[in-house]
Amino acid sequence: MKKKFVCFMLLCFSLCVFGGCAKHENAVKNSVSKQEDTQQDAVTDNDEMTTKGNESTKQAGTSGESAVDNAGKLTTSENGDYPLMVMLEDKLFVDTGEISQSPRCGNMDFTLTSHVKSGEPKENGQTNFDSPIEGQYGIRENRIELYYDDAWHIFAFQEDDFNGVTMRVTKFDNKGAVLTVCNDTEEDIGYGEDFILERYNEETATWEYVTIYGDRDTDDEAVEKPKYGFHDILYYVEKQSTKVVTVNWKDYYGELPKGRYRIIKKFIDLHTDAKVYDTHSLMAEFKLTGKKNDL
């Protein structure tokens, strides 16, 4: 009887021990499974973070690449949202994308000594891309030329930015042209008789100032040098209207040879409250090929 009791107790003890081991093993397995799931979730989260990080890197790289072109030349400010700009003499000059090949002296007219990393420059002598940079005043009014990247870059103030006002060449020959000026603003604008002609040099890929006929150097007495000048008269283009303007340049430039040209005229913003009215330069291209009307 006693032996049967002892055997029964040993059997119960064994069941408790092995049952507890099974529960512990299941618990361990469940714990390991949860840890693996947690690690897998963590890996997934890290992959997402890595992907986002790579996207951010790509975006940052794209933004950085927008600051230069394929040749490594500056084209936009560092943040890629603004064109290259310069503040000088309280005027905001913007990069025209043009290169100057004009002959020049070695004396610099100014030095830009500081720059901002993003946005527009706010102080005189400041850029939004680099400094220090030296420069000279351009041949044309409201233009400056800066030397960097081994070239002279042209910057302009209020050029082709007169919102609501456009100018185009509708008829022309080698002696003159007809311009159509459209004023879609709610105020009158003004303009004078003066204008400038430039010709595109295919070899240098630059625009060059066309020398006024009377300024050309010649000892040939057969070549008449006419007197030239513009009448100081202010004309108007009324608000919400279009005006046709006839330009005769024979007395100023002579008869033009074949080539690609552009005419530049100044227009005055008359609705400004300033004592000195803002002046904007507008440009329109045309190409002479020998035909009566090349446009």
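Residues 8 to 302 in our numbering are what the sequence shown spells out, letter by letter.
We put the CB at the ideal spot given by N, CA and C, even for glycine.
For residue i, the first and last residue of its enclosing alpha helix (DSSP H)
i, result
"Asp258", "257-260"
Integer-rounded CB distance, given that residue j should sit under 8 Å from residue i
i, j, result
"Asn149", "Met94", "About 14 Å; that fails the 8 Å criterion."
"Met174", "Glu127", "That belief does not hold up - the Cβ atoms of Met174 and Glu127 are roughly 27 Å apart, past 8 Å."
"Trp256", "Leu204", "6 Å"
"Thr249", "Gly183", "Contact doesn't hold; Cβ gap of about 19 Å is too wide."
"Gln108", "Thr211", "5 Å"
"Tyr216", "Ile146", "6 Å"
"Tyr284", "Ile271", "Not really, about 18 Å apart at Cβ, beyond 8 Å."
"Leu289", "Val172", "7 Å"
"Asn190", "Gln133", "Actually they are not in contact, since the Cβ atoms of Asn190 and Gln133 sit about 34 Å apart, beyond 8 Å."
"Glu209", "His278", "41 Å between Cβ atoms; not a contact."
Segment limits, beta strand (DSSP E) that includes residue i
i, result
"Ser138", "Ser138 -> no beta strand (DSSP E), and no H or E assigned at all."
"Val217", "First-last for Val217: undefined, no H or E at that position."
"Ser98", "Note that residue 98 is Lys in the sequence shown, not Ser. Element bounds for Lys98: 98-107."
"Ile271", "266-276"
"Met115", "No beta strand (DSSP E) contains Met115, which DSSP labels as neither H nor E."
"Tyr155", "150-155"
"Lys294", "285-295"
Nearest residue (CA-CA) to residue i, options the options
i, options, result
"Lys199", "His287, Asp102, Asn170", "Correcting the residue type first, residue 199 is Gly in the shown sequence and not Lys. Nearest of His287, Asp102, Asn170 to Gly199, Cα basis: His287."
"Phe100", "Arg147, Ala163, Asp157, Ser107", "Ala163"
"Gly113", "Asp97, Leu153, Phe136, Glu166", "Leu153"
"Lys178", "Val251, Gly104, Arg111", "Val251"
"Gly263", "Leu119, Asp180, Gln133, Thr120", "Going by the sequence as given, residue 263 is Leu instead of Gly. Considering only alpha carbons, the answer is Asp180."
"Arg269", "Val188, Trp214, His278, Thr120", "Trp214"
"Leu186", "Thr192, Phe202, Glu193, Glu194", "Phe202"
"Asp157", "Ile106, Lys246, Arg267", "Ile106"
"Leu295", "Glu245, Tyr207, Phe237", "Tyr207"
"Thr118", "Pro110, Ile196, Gly104, Asp137", "Asp137"
"Thr103", "Met115, Asp191, Gln165, Asn170", "Gln165"
"Gly266", "Glu245, Gly297, Lys246", "Gly297"
"Arg111", "Asn135, His122, Ile151, Tyr89", "Ile151"
"Asn170", "Ile161, Val123, Thr192", "Thr192"
"Gly377", "Glu245, Tyr259, Tyr243", "The structure shown does not extend to residue 377, since the chain is modelled only from 8 to 302, so the question has no answer here."
"Thr218", "Gly261, His238, Gly197, Tyr243", "Gly261"
"Glu245", "Ser125, His122, Tyr155, Ile196", "Ile196"
Identity of the residues DSSP links to residue i by a beta bridge
i, result
"Gln133", "Met94, Ser121"
"His160", "Ile106, Leu153"
"Lys250", "Val188"
"Tyr89", "Looking at the DSSP assignment, Tyr89 forms no beta bridge with any residue, so it has no partner."
Along the chain, which unbroken stretches of the beta strand (DSSP E) at least 3 residues long are found entirely within the stretch 162-212? 172-179, 183-190, 196-198, 203-208
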